[in-house]
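Same order as they appear, the protein sequences are chains E and S.
Its first residue numbered 1, the first sequence is counted upward by one per residue in my numbering.
Its first residue numbered 1001, the second sequence is counted upward by one per residue in my numbering.
Quick reminder that beta carbons are idealized off the backbone N, C-alpha and C, glycines included.
On a predicted model such as this, the values are computed, not experimentally measured, just so you know.
What follows is a set of notes on a single structure, which appears directly below.
There are 2 protein chains.
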Amino acid sequence: MLFVSKDPVVSRSTLKRLPLYLHLLEALLAQGVECVSSTQLAREFNFNPTQVRKDLEVTGEVGKARVGFRVAGLVVRIRDFLGWNSTHDAVLVGVGNMGKALLGYKDFEKYGLNIVAAFDKDVRKVGATTFDREVLPLAQLPKFIKRTKVHIGILTVPAREAQPVVDLMLAAGIKAIWNFAPAPLRIPAGVILENARLTQSLAVLTSHLTHQN
Amino acid sequence: MLFVSKDPVVSRSTLKRLPLYLHLLEALLAQGVECVSSTQLAREFNFNPTQVRKDLEVTGEVGKARVGFRVAGLVVRIRDFLGWNSTHDAVLVGVGNMGKALLGYKDFEKYGLNIVAAFDKDVRKVGATTFDREVLPLAQLPKFIKRTKVHIGILTVPAREAQPVVDLMLAAGIKAIWNFAPAPLRIPAGVILENARLTQSLAVLTSHLTHQN
Chain E
1 MLFVSKDPVV
11 SRSTLKRLPL
21 YLHLLEALLA
31 QGVECVSSTQ
41 LAREFNFNPT
51 QVRKDLEVTG
61 EVGKARVGFR
71 VAGLVVRIRD
81 FLGWNSTHDA
91 VLVGVGNMGK
101 ALLGYKDFEK
111 YGLNIVAAFD
121 KDVRKVGATT
131 FDREVLPLAQ
141 LPKFIKRTKV
151 HIGILTVPAR
161 EAQPVVDLML
171 AAGIKAIWNF
181 APAPLRIPAG
191 VILENARLTQ
201 SLAVLTSHLT
211 HQN
Chain S
1001 MLFVSKDPVV
1011 SRSTLKRLPL
1021 YLHLLEALLA
1031 QGVECVSSTQ
1041 LAREFNFNPT
1051 QVRKDLEVTG
1061 EVGKARVGFR
1071 VAGLVVRIRD
1081 FLGWNSTHDA
1091 VLVGVGNMGK
1101 ALLGYKDFEK
1111 YGLNIVAAFD
1121 KDVRKVGATT
1131 FDREVLPLAQ
1141 LPKFIKRTKV
1151 HIGILTVPAR
1161 EAQPVVDLML
1171 AAGIKAIWNF
1181 APAPLRIPAG
1191 VILENARLTQ
1201 SLAVLTSHLT
1211 HQN
């Protein structure tokens, strides 16, 4: 929620719809479909076709009249735009259940996210291997970040431990934080913060279920 | 993204900010803080104070001039509004890493979410116990939903398996779906769909990191 877009032209909503188009386009590609129109895409997601065209415009891919977009071309452009054709190295701090789920999520490779190391302050977790990565002691985090010049820090610690870990990350040179802890974080301007909060998503679900009855 | 609010007065954005206030208020309560103003809350999250006041209005809790809100009262009201003081039973389908992370997420109790059973189509997973819940065969899902009258279905299967499982859930009487699969779902009007998509959150992060450089 503290996230401030640096590029006012591309909205957060557009950024969040692009992966949806991409997933569908990749499925179409696998089925051998060559072209798709923005109207078809809009129908699939129940979106407004004008919205879909505006969203796809940011990628630079141009559709043709009566034919639509080349599926293969659009896939490459969306992936380029999202930065998913490059590799982004990341460190993860907090090897609880959520941390383990992320370490074991093989699809991250497809999105260029490469979790190179995991850290925990719990000495009982340190040294264990979780999905091919050794869990390192939290004390080694700053040196590791400085040495490897990794840019992304993934935060899967309890809320009360979030800010101190973020401060460690920032001091060592982390530029972007993917936060799974339910805590408001203080970060300086210029650092990217993206909150992936399950409880926010759950709130939408349960409140509607509650007010429906 | 296919989610349509049934109550146009309370926006999705407000619903997603309420858990943030709640987490902070519960921390303040634990510290013995009795009152808090909307201005203080706004400062903490870097939100507009008017926005904060409008958000809190939906809960029905009224702040007092110069004193602000009673922290304890506001906590109860927000939890009531989100439906987190009631218990919502749920079934989970797909015991992969994400499924396991959700099964092991103890904090769900605090939000009234109670995952009563887990299902998987993989016979090798069936029968195993994951975080105190036995994994049942997918074939038993419809009968289980009908018998227990559970309302929430949590979907942690791969994208290509999502729609068939959703169809099973809906036919058996599920009213709300929490979807972790990166697939567009076809659901009838009146069913609540909330997508908790990691890749959308990741897209915001990596695209900004990419365009910053």
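| Check | Outcome |
| --- | --- |
| Beta carbon proximity, asparagine 1179 of chain S to chain E, threshold 7 Å | no |
| Backbone CA spacing between phenylalanine 69 of chain E and alanine 30 of chain E [nearest angstrom] | 16 Å |
| Whole-angstrom C-beta distance between arginine 1186 of chain S and glutamine 1163 of chain S, which should lie under 8 Å | 7 Å |
| 7 Å Cβ cutoff, asparagine 1097 of chain S in contact with chain E | yes |
| Cβ-based contacts, 8 Å cut-off: residues of the segment 1184 to 1197 of chain S near chain E | Pro1184, Ile1192, Glu1194, Asn1195, Ala1196 and Arg1197 |
| Residue from E:Gly73, E:Val116 and E:Val75 whose Cα sits closest to the Cα of valine 93 of chain E | E:Val116 |
| Under 7 Å from the C-beta of glutamine 1200 of chain S: neighbouring residues of chain E | Lys16 and Pro19 |
| CA-to-CA distance, lysine 1064 of chain S to leucine 955 of chain S, given in whole angstroms | This structure leaves residue 955 of chain S out entirely; chain S is present only between 1001 and 1213. |
| Span separating the alpha-carbon of aspartate 1007 of chain S from that of alanine 101 of chain E | Caution is warranted here: a pLDDT of 46 is assigned to aspartate 1007 of chain S, below 50, making its placement in the model unreliable, and no coordinate value can be reported. |
| Whether leucine 1074 of chain S touches glutamate 1061 of chain S by CB criterion (7 Å) | yes |
| Exposure of threonine 206 of chain E, with buried meaning 16 or more beta-carbon neighbours within 10 Å | buried |
| is_contact[leucine 1028 of chain S, chain E] using C-beta, thresh 7 Å | no |
| Cβ-based contacts, 7 Å cut-off: residues of the segment 1034 to 1050 of chain S near chain E | Glu1044, Phe1045 and Asn1046 |
| Leucine 1039 of chain S to proline 1049 of chain S span [Cα, whole Å] | According to the sequence shown, residue 1039 of chain S is threonine rather than leucine. For threonine 1039 of chain S and proline 1049 of chain S, the distance between alpha carbons rounds to 5 Å. |
| Where threonine 14 of chain E falls, given that 16 or more other Cβ within 10 Å makes a residue buried | buried |
| The segment 1178 to 1194 of chain S / the segment 11 to 25 of chain E touching (three or more Cβ pairs under 8 Å) | yes |
| Whether leucine 28 of chain E touches valine 71 of chain E by CB criterion (7 Å) | yes |
| Burial state of asparagine 1114 of chain S, where buried means 16 or more other Cβ atoms lie within 10 Å | exposed |
| Start and end residues, beta strand (DSSP E) containing proline 1049 of chain S | Segment 1049 to 1057 is the alpha helix (DSSP H) holding proline 1049 of chain S; no beta strand (DSSP E) there. |
| Under 7 Å from the C-beta of alanine 128 of chain E: neighbouring residues of chain S | Correct list: empty, because the minimum Cβ distance to chain S is about 16 Å. |
| Simplified DSSP state of alanine 1189 of chain S, which is helix, strand or coil | coil |
| Cut-off 8 Å between Cβ atoms - residues of its own chain near tyrosine 1111 of chain S, not counting five sequence neighbours on either side | Leu1082 and Trp1084 |
| Reduced DSSP secondary structure (H/G/I, E/B, other) of leucine 205 of chain E | helix |
| Contiguous alpha helix (DSSP H) assignments of at least 4 residues, all confined to the segment 1092 to 1125 of chain S | 1097 to 1103 |
| Nearest neighbour of lysine 54 of chain E, chosen from E:Arg79, E:Ser86, E:Val10 and E:Phe45 [CA to CA] | E:Val10 |
| Sequence-distant residues of the same chain with beta carbon closer than 7 Å to valine 150 of chain E, five excluded per side | Asp89, Ala90, Val91 and Val116 |
| Phenylalanine 1081 of chain S: contacting residues in chain E (beta-carbon distance under 7 Å) | Ser207 |
| Contact under 7 Å by Cβ, methionine 1169 of chain S with glycine 1153 of chain S | yes |
| Same chain, Cβ closer than 7 Å to glycine 1099 of chain S, neighbours up to 5 away in sequence not counted | Leu1092, Ala1118 and Thr1156 |
| Nearest-angstrom Cα separation, counted from lysine 143 of chain E out to aspartate 208 of chain E | A small fix is needed here, since residue 208 of chain E is histidine in this sequence, not aspartate. C-alpha separation (whole angstroms): 46 Å. |
| Every unbroken beta strand (DSSP E) within the segment 143 to 185 of chain E, with a cutoff of 3 residues, ordered by chain | 152 to 155 and 176 to 179 |
| Minimum Cβ-Cβ distance from alanine 139 of chain E to chain S less than 7 Å | no |
| Limits of the beta strand (DSSP E) - the one that glutamate 34 of chain E falls within | Counting along the chain, glutamate 34 of chain E falls outside any beta strand (DSSP E), and DSSP gives it neither H nor E. |
| Element boundaries [alpha helix (DSSP H), containing glutamate 134 of chain E] | Looking at the DSSP string, glutamate 134 of chain E is not in any alpha helix (DSSP H); the run it does join, the beta strand (DSSP E), is 133 to 137. |
| Option nearest leucine 198 of chain E by Cα separation, candidates S:Phe1047, S:Asp1107 and S:Asn1046 | S:Asp1107 |
| Endpoints, the alpha helix (DSSP H) within which lysine 963 of chain S is located | Residue numbering for chain S in the displayed model covers 1001 to 1213; residue 963 of chain S lies beyond these limits and cannot be assessed. |
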